[in-house]
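For the sequence shown, this note's numbering begins at 73 and goes up steadily by one.
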Amino acid sequence: MAVYETTLVTATPDAYVHMQIYASVTGTQEQTLCLPTLQWVFAPLYLQPICPRNPQVPKRGTAKKGDFMSCKKNSFLQRACIAIALLTFAILVNALQAQTTAATVTDPGVRPTGKMQFATDLLADCPVVGAKFPETPCIDFVQPRSVAPAPPADGAGQVFGATLNLATAGNLLATWFEGLSVFETPASVNGTDNSGTAGKFIRGLGPSFNALSCFDCHSQPAIGGSSPGCVGSFCTSLSPTGVKFSSETNPQIVAARDRNATNSIPDFLLERQATGPLVEVRFPRGAAANGNAAAVPPGAVAQLFVIAGRTDAPSSCAISQVDFQTQEKNNNLIFRIPTPTFGVGFVENVPEPILESNAGAAKTLASNLGITDIKFGVFNRSENDQTITRFGWKAQIKSLLTFSGEASNVEMGVTNEMFPTERTYGNFPNCTNVNQLPEDVTQSLTGNQIEALTGPLPTSEPSPDEPGVTSKISTNIENFAIFMRLNAAPAICNFNSDVNPTTGFANCNKVDATVLDGAAIFGTTILGAPATSGMPNIGCALCHSQTLHTGPSTTPSMDNAEFHPFSDFALHHMGGLADGVKQGRAAGDQFRTAPLWGLGQRLFFLHDGRDNNLVQAIKDHCIAPAGDMSGDQQMSASEACTVVSKFNSLTVTQKQDVLNFLRSL
């Protein structure tokens with residue numbers, strides 16, 4: 073009995089049919105079955121026979137009808153060849169159809185956010201009414217806490233280390249909600265609300281800006297998250313009344329037209345106005361000033377909109393938008409989407425030796441896995457004190473307060489104690505003579521003013537621990553930073569977690585066997601043993617580190633705490649994903665490993681939001697490098713290519729398990 077193997081390969085790399093053909097041999101000399109016939113019949117389908125006893129078998133795709141003759145001339149065997157070929161053809165076609173259907177791997181999609189867990193009554197929207205801007209409603213689609221075997225996590229939209237109970241959580245919860253209120257408050261040029269009442273909005277919008285509030289860009293799946301949008305059947309809710317993301321409610325489109333502003337909306341925003349994501353724009357090669365449009369230095373943010381024409385702007389203000397159309401034609405325009413801020417207080421408090429030790433351990437594990445293309449321990453660093461920076465797409469920002477100050481100035485145009493001057497001026501001084509600078513400053517309050525917020529204090533001395541006092545005295549950017557610092561980490565919930573049909577709140581279901589297996593293949597152990605033994609480790613967790621630890625902290629829940637960000641917060645070359653923007657020590661093709669916690673409820677992936685499907689996002693981790701947009705042409709291959717190759721070599725089931733795991737984060 074001779075055994076012959078043949079593999080039918082299709083255009084879909086996941087779909088193939090592998091068969092063994094058994095041929096009975098008679099006579100004193102073993103006869104080779106006429107397998108070239110199979111190749112001749114199936115050449116259009118890329119059939120690959122293995123015929124070890126016949127050296128004349130043609131290569132795949134080169135078989136011709138005459139190749140029959142390489143077989144022994146035996147009429148019975150020739151007839152048998154044809155019969156087997158026809159039978160095999162029918163079997164293979166049926167098997168191929170079934171296998172091709174089964175070979176599809178799909179992104180399970182975004183886990184639902186549910187509805188807001190606070191009443192619609194303004195005073196009940198938050199346990200604490202904002203002291204600085206008391207009329208700002210609390211918009212927070214609170215996400216559930218984790219369920220074992222997932223590690224403990226309070227959930228996105230929650231304050232970490234405390235329950236939603238003001239009496240038991242103390243000032244931690246109160247201060248977080250105060251900061252949340254400021255985070256959601258819109259900005260206007262002079263601080264008036266839409267009715268013209270002073271002191272209701274943040275003062276200092278513009279002269280150039282990208283958004284009206286922090287919440288505009290950081291709202292999915294809860295306040296502090298990433299870009300809202302509308303992907304497939306999922307559209308982000310933008311307010312407590314359930315308004316869905318659309319062309320009319322897109323926050324950037326709203327900002328462009330707010331208060332009769334005369335902004336033109338760039339084509340790249342019009343193309344995504346109904347879907348998202350919200351973006352900021354940078355020019356890798358910069359752009360010269362043009363009339364009343366400010367110059368944009370290489371790699372800097374080019375603000376989208378200006379205050380000209382707004383009803384709250386000086387009538388003499390003349391300032392122009394940047395010429396985005398020309399820069400887009402010149403291939404000098406890249407996008408960035410908002411980074412989520414969940415759990416970032418943990419990240420801020422990680423000692424440098426922990427990050428460096430983690431990189432060393434990952435390097436050792438990579439060697440054991442045969443992965444050699446990853447460079448470990450390459451961190452961005454502050455030019456001021458040379459310490460590791462860890463926030464932003466290129467880890468270019470050191471602290472949450474710096475993050476807040478820069479975003480306030482760049483995204484909203486509000487000057488503050490960290491960034492006290494305007495970025496753009498228009499026809500100076502006509503666009504900047506409304507407010508004293510900086511526009512966001514620390515407040516000095518008397519005891520009577522504090523008691524007006526808190527009621528009678530127990531002593532004659534003001535108490536900074538009273539709810540509202542910290543928020544009122546602090547700058548807006550300090551409120552932003554406190555809110556982000558106390559943001560809870562996202563919970564790991566099964567990829568198909570649903571919504572409670574009675575309450576409408578999002579559920580967190582226990583992870584299933586597919587997620588356990590996917591976690592093991594990804595390279596993480598935090599969920600325990602896989603459901604199936606022998607799962608391969610493809611090395612995703614080498615960069616997307618599962619566990620880090622904080623150092624000592626004055627915040628009890630952050631003191632020497634363990635957390636699971638799925639990032640090493642280091643820089644890595646990413647090949648064709650390069651955007652040509654250099655920030656700190658990060659080159660144009662280097663990016664910080666994006667933390668994956670919260671991925672299950674994220675709508676857009678990669679630094680520019682180009683993908684809304686995890687399958688494509690994984691593929692895009694290994695794009696061949698092209699010319700650097702900044703012009704220096706110093707590009708490296710992606711460090712992720714070996715891991716992507718390992719992912720591609722997985723079975724269909726294993727790939728799906730990885731996707732299920734990722735959507736459970």
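All residues carry an ideal CB built from backbone N, CA and C; glycine is no exception.
Fair warning: this is a prediction, and the values are worked out from it, not measured in the lab.
DSSP-derived helix/strand/coil call for residue i
i: Asp-692; result: coil
i: Ala-431; result: helix
i: Thr-580; result: At residue 580 the sequence reads Cys, which differs from the Thr that was named. Coil at Cys-580, not helix or strand.
i: Gly-186; result: strand
i: Pro-127; result: A caution first: Pro-127 carries a pLDDT of 38, below 50, which makes its placement in the model unreliable, though a value can still be read off. It is coil, neither helix nor strand.
i: Gln-673; result: helix
i: Leu-668; result: coil
i: Ser-305; result: coil
i: Glu-250; result: helix
i: Ala-328; result: helix
i: Ile-549; result: helix
i: Arg-275; result: strand
i: Gly-287; result: First, the amino acid is wrong: residue 287 is Phe here, not Gly. It is helical.
i: Asp-683; result: strand
i: Asn-488; result: strand
i: Leu-737; result: coil
i: Val-587; result: helix
i: Ile-598; result: coil
Selected residue, minimal CA-CA separation from residue i, among the options
i: Gln-397; options: Thr-411, Leu-376 and Cys-389; result: Leu-376
i: Ile-460; options: Ala-524, Phe-355 and Gly-656; result: Gly-656
i: His-645; options: Ile-446, His-290, Leu-277 and Thr-208; result: Ile-446
i: Gln-728; options: Leu-686, Lys-316 and Val-486; result: Leu-686
i: Gln-215; options: Gly-672, Thr-444 and Gly-381; result: Gly-672
i: Thr-347; options: Thr-321, Val-378, Ala-696 and Arg-331; result: Thr-321
i: Thr-665; options: Gly-648, Phe-677 and Ser-639; result: Ser-639
i: Asp-405; options: Gly-652, Ala-689, Gly-417 and Met-630; result: Checking the sequence shown, residue 405 turns out to be Leu, not Asp. Of the listed residues, the one whose Cα sits closest to Leu-405 is Gly-652.
i: Gln-726; options: Gly-278, Thr-586, Ser-516 and Glu-550; result: Thr-586
i: Ile-522; options: Phe-317, Thr-308, Ile-545 and Gly-186; result: Ile-545
Cβ-based burial, residue i [other Cβ within 10 Å; buried from 16]
i: Gln-508; result: exposed
i: Ser-218; result: buried
i: Asn-402; result: exposed
i: Gly-519; result: exposed
i: Pro-628; result: exposed
i: Gly-670; result: buried
i: Asn-572; result: exposed
i: Val-303; result: buried
i: Phe-719; result: buried
i: Thr-315; result: Contrary to the premise, residue 315 reads as Val rather than Thr in this sequence. Exposed, because fewer than 16 other Cβ atoms sit within 10 Å of the Cβ of Val-315.
i: Gly-660; result: buried
i: Arg-735; result: buried
i: Glu-64; result: Any question about residue 64 goes unanswered here, given that the chain covers just 73 to 737.
i: Glu-256; result: buried
i: Asn-551; result: buried
i: Glu-455; result: exposed
i: Ser-605; result: exposed
i: Gly-186; result: buried
Residue span of the alpha helix (DSSP H) that contains residue i, given as start and end
i: Gln-397; result: 396 to 401
i: Leu-731; result: 724 to 734
i: Leu-472; result: 472 to 483
i: Leu-517; result: From DSSP, Leu-517 is part of no alpha helix (DSSP H); its letter is neither H nor E.
i: Phe-340; result: 339 to 342
i: Lys-718; result: 713 to 720
i: Thr-347; result: Segment: none, Thr-347 is in no alpha helix (DSSP H) and carries neither H nor E.
i: Ile-295; result: Where Ile-295 is concerned, there is no enclosing alpha helix (DSSP H), given that its DSSP letter is neither H nor E.
i: Gly-417; result: 416 to 420
Residue i: CB within 8 Å of a non-hydrogen atom of the ligand NAP
i: Val-687; result: Looking for the ligand NAP in the displayed structure turns up nothing, as the structure carries no ligands at all.
Terminal residues of the beta strand (DSSP E) in which residue i lies
i: Phe-407; result: 406 to 408
i: Glu-352; result: 352 to 354
i: Phe-663; result: 662 to 664
i: Ala-643; result: Note that residue 643 corresponds to Leu in the displayed sequence, not to Ala. That run of the beta strand (DSSP E) goes 643 to 645.
Next item on the list: Could you tell me whether the region 415 to 428 touches the region 550 to 569, where touching means 3 or more Cβ pairs closer than 8 Å?
Entry: Below 8 Å, enough C-beta pairs join the region 415 to 428 and the region 550 to 569 to call them touching: three or more.
Notebook entry, point to check: Using 8 Å as the Cβ pair cut-off and three pairs as the minimum, do the region 269 to 285 and the region 317 to 329 touch?
Noted result: Cβ pair count under 8 Å is three or more, so yes.
Item checked: Contact the region 570 to 586 vs the region 616 to 624: 3+ CB pairs below 8 Å -> By the Cβ test, the region 570 to 586 is not in contact with the region 616 to 624, since fewer than three Cβ pairs between them sit closer than 8 Å.
Next item on the list: Would you check if there are 3 or more beta carbon pairs closer than 8 Å linking the region 363 to 370 to the region 328 to 348?
Entry: Short answer: they don't touch.
Check: Between the region 352 to 360 and the region 669 to 688, do at least 3 Cβ pairs fall closer than 8 Å?
Finding: No, the region 352 to 360 does not touch the region 669 to 688.
Margin query: Under 8 Å, with one C-beta from each stretch per pair, do the region 422 to 437 and the region 633 to 644 reach the 3-pair mark?
Written below: By the C-beta criterion, the region 422 to 437 is judged to be in contact with the region 633 to 644, since at least 3 inter-stretch pairs fall below 8 Å.
Check: Three or more C-beta pairs closer than 8 Å, one from the region 489 to 505 and one from the region 386 to 397: is that the case here?
Finding: Enough Cβ pairs lie closer than 8 Å, so yes.
Check: Between the region 223 to 235 and the region 289 to 307, do three or more beta carbon pairs fall short of 8 Å?
Finding: Touching, yes, given that three or more Cβ pairs across the two stretches are closer than 8 Å.
Notebook entry, point to check: Would you call the region 719 to 733 and the region 581 to 591 in contact, with 3 or more CB pairs under 8 Å?
Noted result: With the rule of 3 Cβ pairs closer than 8 Å, the region 719 to 733 counts as touching the region 581 to 591.
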